[in-house]
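Protein chains in written order, with our numbering: chain A, 1 to 403; chain B, 404 to 806. Even glycine gets a Cβ: it sits at the ideal position worked out from N, Cα and C.
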């Protein structure tokens with residue numbers, strides 16, 4: 001039976017700054033190795049090497065316009081007053097005979113022998129399967145020559161780029177079918193859970209679905225979400241056995257009877273940082289399993305779990321996935337219509353509501369629970385050195401969507 | 404053997420405006436019906452009904468701070484000079500006896516009988532398993548009462564909201580495990596393909612992977628990507644047999660021999676619109692299968708396929724999925740450093756490159772192929788009524804990422 005008194009009183013002085021925790025993550029958590037994936041499944045992944053064109057674009061001379069492919073020198077002298085007659089060739093012929101013309105669409109490869117395309121409006125029907133060209137064109141007219149846009153060996157996209165759907169089209173057009181991308185980090189989440197609840201109502205598992213959605217947003221694979229006992233032995237056992245690219249323990253980080261996650265990590269592996277100057281999220285921690293896998297200890301209270309994930313664990317997931325490690329929200333400078341209060345020495349998360357395109361106001365403190373944290377339009381991070389900002393000040397707002 | 408001459412000459416006059424095509428899509432393409440999904444898989448989906456709390460948050464009176472739960476009236480008169488002694492109860496007891504105190508962490512449910520929490524720093528160790536309280540607290544101190552943040556029946560999130568990962572945490576904390584969301588549209592893509600290529604090099608299938616990535620970005624399920632013959636019979640057969648929420652035919656929309664997709668749709672179902680005042684993307688079309696499924700005909704050339712998807716097909720996918728139908732890019736007013744030229748009567752897509760946070764310049768025309776279209780930072784849509792914009796003008800830029 002644990003009854004308490006084992007821990008120091010809460011004081012900002014004993015806490016690690018968010019900046020130091022971020023520096024630890026950046027030093028300890030590296031991108032995964034590359035893996036080859038089919039192009040159709042590569043959107044959102046991060047290129048591990050430069051993508052270099054293996055084929056020319058276009059791959060062969062092709063029609064740039066809809067019209068008739070023919071030999072340009074056979075149109076010399078053609079005009080509305082002096083139409084030149086061509087035999088119309090079948091649409092599927094690979095070789096164009098002299099004196100023939102073949103209907104092509106923009107983007108079609110030219111038949112062998114053709115070197116120009118006459119626009120449809122410069123050809124009129126002639127007798128018995130013939131067409132009459134009323135405009136002279138030089139060789140090369142109406143053509144996109146092989147390699148005009150891209151030659152083999154050209155770097156199309158650089159390593160480190162997160163592939164946008166449009167990029168997939170470019171790579172496919174360049175003949176690339178598989179690409180090397182940074183691996184998708186496998187993240188295991190352990191949820192130390194209260195097994196006996198005082199006044200009866202069971203606690204909803206807010207953190208499992210929340211963490212799964214967040215990890216997937218950040219490019220990770222939430223391969224496991226497992227409730228475990230909230231005692232030291234259960235947590236330590238989970239940490240010892242784990243095989244993963246990243247481990248999250250959500251819960252069991254509080255003080256007193258609840259403070260088993262940090263002790264378990266210290267026993268099973270290494271506890272590098274515990275207790276942060278972050279509100280909500282004070283009881284978060286960082287460390288490593290015996291096998292060297294980074295471990296993020298997050299508080300169990302939903303709002304604290306959310307913010308400690310966003311500022312710490314999410315950064316680790318994004319780094320492992322090769323992504324930009326910064327907060328994945330649109331950031332905009334906006335004016336606060338009301339004073340924002342913050343405790344000096346603490347990094348504080350303050351949910352805000354948009355009043356207009358340029359103005360926000362703080363809503364109830366993030367400590368007011370996850371309902372207050374997520375229904376607003378975004379949030380502001382007030383840094384440790386600040387006691388807050390006055391009304392009328394410009395702050396950097398992280399926006400969930402467009403105001 | 405098709406040799407041509409079946410179609411009208413190209414002229415902006417014969418084309419449907421993009422605005423009219425968009426109006427057709429908005430009138431014809433409705434959101435799918437709702438389906439229930441597990442909360443952990445609901446991120447990114449669109450709520451079909453208001454999400455209403457079924458449980459209170461917190462579900463029971465709980466500790467707001469780390470400390471000792473006890474009966475507030477038993478602390479009357481306690482101070483540093485007059486400590487009150489409490490028996491320390493086991494951490495897992497559901498009921499607190501009179502005269503006892505139990506260590507709790509913020510967020511823990513209170514044991515039955517307790518009505519206040521004294522902060523850790525106001526309790527000091529006493530003899531043989533006792534603790535001495537040095538601060539008097541009233542009932543309710545250090546407590547978050549049941550339902551403080553949310554009461555049962557409260558609307559947490561409104562119908563139509565696209566669920567953010569944070570929302571998942573809120574719904575989970577409110578005891579919700581499944582949510583009604585708009586169905587995920589099943590999109591079938593047919594790729595009419597040139598079977599014989601004139602000068603030998605096979606055409607890369609740029610459109611299949613591109614469309615899959617775009618459809619998934621927009622909340623659809625690219626359930627089928629099938630190459631079919633580029634002849635009328637093959638396309639018509641595919642359209643007749645199809646079961647889907649949306650059909651895309653990419654290719655076979657050009658003029659002359661290539662113009663089989665529109666004819667096939669007219670024969671198999673209904674061709675509502677063909678040929679648009681959109682560049683690239685002139686040969687796009689819209690209609691319905693015999694079963695009433697909306698069909699988008701996209702050009703086969705990759706850049707034209709891309710832009711016709713973005714302006715037309717993507718809107719249909721997003722509408723079916725219940726999402727905001729607007730282009731899914733961040734939009735920002737920026738100044739163009741160079742003149743942007745556009746043909747009057749045509750909606751033109753102009754890829755742009757960022758020069759700074761506020762300035763862009765047009766890059767090679769979108770007609771210069773998909774390489775020119777996707778390597779820049781974003782694009783501008785020049786409307787039909789405009790011949791372009793002068794240097795120094797402010798334009799709305801759709802950005803792929805942050806400049």
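Residue i: contacting residues in chain A (beta-carbon distance under 7 Å)
i, result
"residue 442 (chain B)", "209"
"residue 595 (chain B)", "Simply none; closest approach about 11 Å."
"residue 681 (chain B)", "By Cβ distance, chain A contributes nothing, its closest Cβ being about 14 Å from residue 681 (chain B), past 7 Å."
"residue 608 (chain B)", "172"
"residue 543 (chain B)", "In chain order: nothing, as chain A lies at least about 15 Å away."
Beta-carbon neighbours of residue i, restricted to chain B and to distances below 7 Å
i, result
"residue 265 (chain A)", "Within 7 Å Cβ-Cβ: nothing; residue 265 (chain A) doesn't reach chain B, min ~17 Å."
"residue 330 (chain A)", "733"
"residue 302 (chain A)", "572 and 576"
Residue i, DSSP secondary structure in three states
i, result
"residue 689 (chain B)", "strand"
"residue 485 (chain B)", "strand"
"residue 7 (chain A)", "Any reading at residue 7 (chain A) must be qualified, since the residue scores a pLDDT of 38, below 50, and its modelled position is unreliable; no value is offered."
"residue 110 (chain A)", "coil"
"residue 47 (chain A)", "strand"
"residue 179 (chain A)", "strand"
"residue 788 (chain B)", "coil"
"residue 605 (chain B)", "Any reading at residue 605 (chain B) needs caution, since the residue's pLDDT is 45, under 50, leaving its predicted position unreliable; the model's value is listed next. Looking at residue 605 (chain B) - three-state DSSP - the assignment turns out to be coil, as it is neither helix nor strand."
"residue 600 (chain B)", "Below a pLDDT of 50, predicted positions are generally treated as unreliable, and residue 600 (chain B), at 46, falls in that range; no measurement from the model is reported."
"residue 349 (chain A)", "strand"
"residue 366 (chain A)", "Its pLDDT being 48, under 50, residue 366 (chain A) is placed unreliably by the model, and the measurement read from it follows with that caveat. Residue state, collapsed to three classes: helix."
"residue 192 (chain A)", "strand"
"residue 478 (chain B)", "helix"
"residue 523 (chain B)", "helix"
"residue 490 (chain B)", "strand"
"residue 587 (chain B)", "coil"
"residue 134 (chain A)", "coil"
"residue 681 (chain B)", "strand"
"residue 760 (chain B)", "coil"
Alpha-carbon spacing of residue i relative to residue j, whole angstroms
i, j, result
"residue 336 (chain A)", "residue 387 (chain A)", "15 Å"
"residue 567 (chain B)", "residue 400 (chain A)", "8 Å"
"residue 98 (chain A)", "residue 111 (chain A)", "12 Å"
"residue 488 (chain A)", "residue 235 (chain A)", "There is simply no residue 488 (chain A) to check, as chain A begins at 1 and stops at 403 in what is shown."
"residue 558 (chain B)", "residue 444 (chain B)", "21 Å"
"residue 128 (chain A)", "residue 102 (chain A)", "15 Å"
"residue 49 (chain A)", "residue 160 (chain A)", "7 Å"
"residue 351 (chain A)", "residue 308 (chain A)", "14 Å"
"residue 51 (chain A)", "residue 168 (chain A)", "11 Å"
"residue 533 (chain B)", "residue 320 (chain A)", "48 Å"
"residue 604 (chain B)", "residue 63 (chain A)", "A caution first: residue 604 (chain B) carries a pLDDT of 43, below 50, which makes its placement in the model unreliable, though a value can still be read off. So the two alpha carbons sit approximately 14 Å from each other."
"residue 783 (chain B)", "residue 238 (chain A)", "52 Å"
"residue 383 (chain A)", "residue 345 (chain A)", "8 Å"
"residue 418 (chain B)", "residue 686 (chain B)", "9 Å"
"residue 796 (chain B)", "residue 717 (chain B)", "29 Å"
"residue 115 (chain A)", "residue 69 (chain A)", "7 Å"
"residue 429 (chain B)", "residue 719 (chain B)", "8 Å"
"residue 292 (chain A)", "residue 499 (chain B)", "43 Å"
"residue 206 (chain A)", "residue 731 (chain B)", "29 Å"
Where the beta strand (DSSP E) containing residue i begins and where it ends
i, result
"residue 869 (chain B)", "Absent from the structure is residue 869 (chain B), since the part of chain B shown begins at 404 and ends at 806."
"residue 632 (chain B)", "624-632"
"residue 468 (chain B)", "Looking at the DSSP string, residue 468 (chain B) is not in any beta strand (DSSP E), and its letter there is neither H nor E."
"residue 503 (chain B)", "503-507"
Unbroken alpha helix (DSSP H) run spanning residue i, endpoints
i, result
"residue 165 (chain A)", "165-173"
"residue 216 (chain A)", "207-217"
"residue 239 (chain A)", "232-241"
"residue 701 (chain B)", "Not the alpha helix (DSSP H): residue 701 (chain B) falls in the beta strand (DSSP E), residues 697-701."
"residue 344 (chain A)", "Premise fails: residue 344 (chain A) is in no alpha helix (DSSP H) and is neither H nor E."
Residues that residue i contacts on chain B, provided the C-beta gap is smaller than 9 Å
i, result
"residue 164 (chain A)", "616, 620, 777, 803 and 804"
Residue i: contacting residues in chain B (beta-carbon distance under 8 Å)
i, result
"residue 126 (chain A)", "Those do not exist, as residue 126 (chain A) stays about 10 Å from chain B at its closest Cβ, beyond 8 Å."
Beta carbon proximity, residue i to chain C, threshold 8 Å
i, result
"residue 362 (chain A)", "The structure shown has no chain C; the protein chains it does contain are A and B."
Residues that residue i contacts on chain A, provided the C-beta gap is smaller than 8 Å
i, result
"residue 709 (chain B)", "166 and 169"
Note to self: Three Cβ pairs or more, each shorter than 8 Å: is that satisfied between the stretch 563-583 of chain B and the stretch 440-450 of chain B?
What the structure shows: yes
Check: Should the stretch 462-479 of chain B be called in touch with the stretch 617-634 of chain B, which here means at least 3 C-beta pairs below 8 Å?
Finding: no
Margin query: If contact is defined by three or more beta carbon pairs under 8 Å, each pair taking one atom from either stretch, is the stretch 480-494 of chain B in contact with the stretch 545-553 of chain B?
Written below: no
Margin query: Pairs of beta-carbons, one from the stretch 623-633 of chain B and one from the stretch 52-66 of chain A, closer than 8 Å: are there three or more?
Written below: no
Check: On the three-pair Cβ rule with 8 Å, is the stretch 589-597 of chain B touching the stretch 16-23 of chain A?
Finding: no
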